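Residue numbers (my numbering), protein chains in the order written: chain C, 424 to 745; chain E, 713 to 878.
Below is one structure, written out as structure tokens; comments come after it.
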């Protein structure tokens, strides 16, 4: 089975359910797509009229008709591969922000220095001969905090990249989990009528896909600040390994067609709940981070220079004017 | 995709190698005897051998069943779990009392089972005079196949009765 065949699996499950229910409850057999009424073993005559047979089949088909829509919410899920482009773009951005060699605070990966950006941190000595109020303001407001700000921007980019990565892992696992549920529902319909107890388990790996990281510290001004983040369980640094949720193995058992279909619904609801919970972790982290960044904007962005758009400003010094 | 259960096959033979049986497609049983054994064995010997074979085939079938179940569910099953609910207990208790019998050639060959672990084979005393080896093996195979079909039907009915749609 594969996720792409989910709609087809829903049809197979529906057909199995109808066929087995008719056999179990009404002794109506299906052969080559046609239904046959039970026959009297003595006379060989059908034990129900054609009309009763048709109505019984119709009623049973209606009884299980909802199986067709059982998987509807999962038929179109985000393609995990679609996250690769944005992840690569943000990673490129992270590399560009390396005014010195930074380490991804979530994955623990080193990012090499961006030599061109590094030049900004030594701009003070390059323009050594410039002085005056503007020169001092430029030094204090832009040159000295530059490295801290780029590091904070790097951290924000890391949080964004890791959120994309967590999203990718979430949908990868959600696809695998719904496919697993469909596969096991089919198996349960194959096995419920054997002698033994028909129980099975479904591991909802989507539970461990997204790791919530409460606080990623950033270089603050007056006070220490931290950003909420998430990571993919696959790529998170070992520091956070303890925060990976262990996926539960949910047990299901059913001894009839109706029982198996009821457990299929339960399994799908369980998965929906866990997908929603994983998505909420991402939403919470992004909401927290954007709120902190907005509330401490100057720790992440340089203020607009007074010089900007102000030609003739008397505070602006000129080189060698003293 | 075909399930492992649909492809289930199990074989068994008596420890002395005189009787063999295979079950496939869930209910289809084929039995054969060591060449020549049928002619010189007594009816009592045949009954004893076939009863033993039935028990061994059931064990082999259950082993194959748990392997098939493990493949179908991608989960390891090695035995039936202990009952965990009152319904499970009621089902296991009632199943142990299910009596089914398969027969062929007008009852000349009869195989009966009580529950899942008590088997008996009854043959008419003159069975060897009435049938050659091939006919006899075919009759035993048909009786065994009928027994398994009836047993599965009885189990389905019992599950419907005990679990009532659960």
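Quick reminder that beta carbons are idealized off the backbone N, C-alpha and C, glycines included.
Being a predicted model, the structure only gives us computed values, none of them experimental.
Using 8 Å for Cβ pairs, my map puts residue i next to residue j. What's the rounded Cβ distance?
i, j, result
"residue 530 of chain C", "residue 658 of chain C", "5 Å"
"residue 778 of chain E", "residue 791 of chain E", "7 Å"
"residue 564 of chain C", "residue 725 of chain C", "7 Å"
"residue 816 of chain E", "residue 769 of chain E", "Not confirmed; about 17 Å, so no contact."
"residue 679 of chain C", "residue 873 of chain E", "Not confirmed; about 11 Å, so no contact."
Apart from the five residues on each side of it in sequence, which residues of its chain come closer than 7 Å, Cβ to Cβ, to residue i?
i, result
"residue 693 of chain C", "627, 673"
"residue 745 of chain E", "730, 731, 845, 849"
"residue 669 of chain C", "631"
"residue 832 of chain E", "763, 824"
"residue 590 of chain C", "506, 705"
"residue 715 of chain C", "648, 650"
"residue 853 of chain E", "741, 742, 743"
"residue 493 of chain C", "433, 687, 688, 691"
"residue 523 of chain C", "536, 541, 570"
"residue 801 of chain E", "795"
"residue 478 of chain C", "none"
Use the C-beta contact count for residue i: other C-beta atoms within 10 angstroms, 16 or more gives buried, fewer gives exposed.
i, result
"residue 875 of chain E", "buried"
"residue 829 of chain E", "exposed"
"residue 382 of chain C", "No statement about residue 382 of chain C is possible, as the shown extent of chain C runs from 424 to 745 and does not include it."
"residue 706 of chain C", "exposed"
"residue 502 of chain C", "exposed"
"residue 623 of chain C", "buried"
"residue 620 of chain C", "buried"
"residue 476 of chain C", "buried"
"residue 528 of chain C", "buried"
"residue 788 of chain E", "exposed"
"residue 690 of chain C", "buried"
"residue 722 of chain C", "buried"
"residue 741 of chain C", "Interpretation of residue 741 of chain C is limited by its pLDDT of 49, a score under 50 that renders its predicted location unreliable; no figure is taken from the coordinates."
"residue 610 of chain C", "buried"
"residue 457 of chain C", "exposed"
"residue 439 of chain C", "buried"
"residue 592 of chain C", "buried"
"residue 780 of chain E", "buried"
"residue 785 of chain E", "buried"
"residue 566 of chain C", "buried"
"residue 683 of chain C", "buried"
"residue 797 of chain E", "exposed"
"residue 805 of chain E", "exposed"
"residue 525 of chain C", "buried"
How would you list, in chain order, the residues of chain C whose beta-carbon sits under 7 Å from the beta-carbon of residue i?
i, result
"residue 878 of chain E", "677, 678, 679, 682"
"residue 675 of chain E", "For residue 675 of chain E there is no data in the structure shown, the boundaries of chain E being 713 and 878."
"residue 781 of chain E", "614"
"residue 777 of chain E", "617"
"residue 728 of chain E", "Ordered by position in chain C, no residue passes the 7 Å Cβ test against residue 728 of chain E, which lies about 28 Å from the chain."
What residue from the options has the CA that sits closest to residue i's CA?
i, options, result
"residue 756 of chain E", "E:860, E:836, E:782", "E:836"
"residue 487 of chain C", "C:728, C:647, C:681", "C:681"
"residue 741 of chain E", "E:725, E:748, E:841, E:787", "E:725"
"residue 750 of chain E", "E:801, E:871, E:809, E:840", "E:840"
"residue 426 of chain C", "C:495, C:467, C:551", "C:495"
"residue 855 of chain E", "E:813, E:872, E:847, E:775", "E:813"
"residue 774 of chain E", "E:842, E:817, E:736", "E:736"
"residue 435 of chain C", "E:728, E:721, E:719, E:714", "E:714"
"residue 811 of chain E", "E:718, E:738, E:860, E:723", "E:860"
"residue 545 of chain C", "C:500, C:561, C:478", "C:561"
"residue 698 of chain C", "C:710, C:558, C:633", "C:633"
What residues from chain C crowd round residue i, counting only those whose CB sits closer than 9 Å?
i, result
"residue 768 of chain E", "Those do not exist, as residue 768 of chain E stays about 17 Å from chain C at its closest Cβ, beyond 9 Å."
"residue 864 of chain E", "616, 617, 618"
"residue 854 of chain E", "In chain order: nothing, as chain C lies at least about 16 Å away."
"residue 715 of chain E", "609, 610, 613, 614"
"residue 807 of chain E", "618"
"residue 875 of chain E", "677, 678, 679, 682"
Mind pulling the chain C residues with CB within less than 8 Å of residue i?
i, result
"residue 787 of chain E", "623, 624"
"residue 741 of chain E", "Under the 8 Å cutoff, chain C gives no residues; its nearest Cβ is about 16 Å from residue 741 of chain E."
"residue 829 of chain E", "Result: empty, since nearest Cβ-Cβ is about 11 Å, beyond 8 Å."
"residue 844 of chain E", "Neighbours of residue 844 of chain E on chain C: none; closest Cβ ~29 Å, over 8 Å."
Determine the chain E residues that contact residue i at a beta-carbon separation under 7 Å, and present them in chain order.
i, result
"residue 620 of chain C", "792, 793, 800"
The ligand ZN and residue i: does any heavy atom of the ligand fall closer than 8 Å to the residue's C-beta?
i, result
"residue 564 of chain C", "This structure lacks the ligand ZN; in fact it carries no ligand of any kind."
Residue i versus chain E: which residues are under 9 Å apart at the beta carbon?
i, result
"residue 595 of chain C", "The premise fails here: residue 595 of chain C is roughly 18 Å from chain E at the closest Cβ pair, so nothing lies under 9 Å."
I'd like the list of long-range same chain contacts for residue i, defined as Cβ closer than 8 Å, with 5 residues on each side in sequence excluded.
i, result
"residue 685 of chain C", "677"
"residue 578 of chain C", "528, 639, 641, 650"
For residue i, which residues in the same chain have their Cβ closer than 6 Å to its Cβ, ignoring the five residues on either side in sequence?
i, result
"residue 509 of chain C", "587"
"residue 583 of chain C", "513"
"residue 834 of chain E", "822"
"residue 453 of chain C", "442"
"residue 858 of chain E", "814"
"residue 719 of chain C", "648"
"residue 702 of chain C", "none"
Give me the chain E residues within the contact set of residue i, using Cβ-Cβ distance strictly less than 8 Å, ordered along the chain.
i, result
"residue 447 of chain C", "868, 872"
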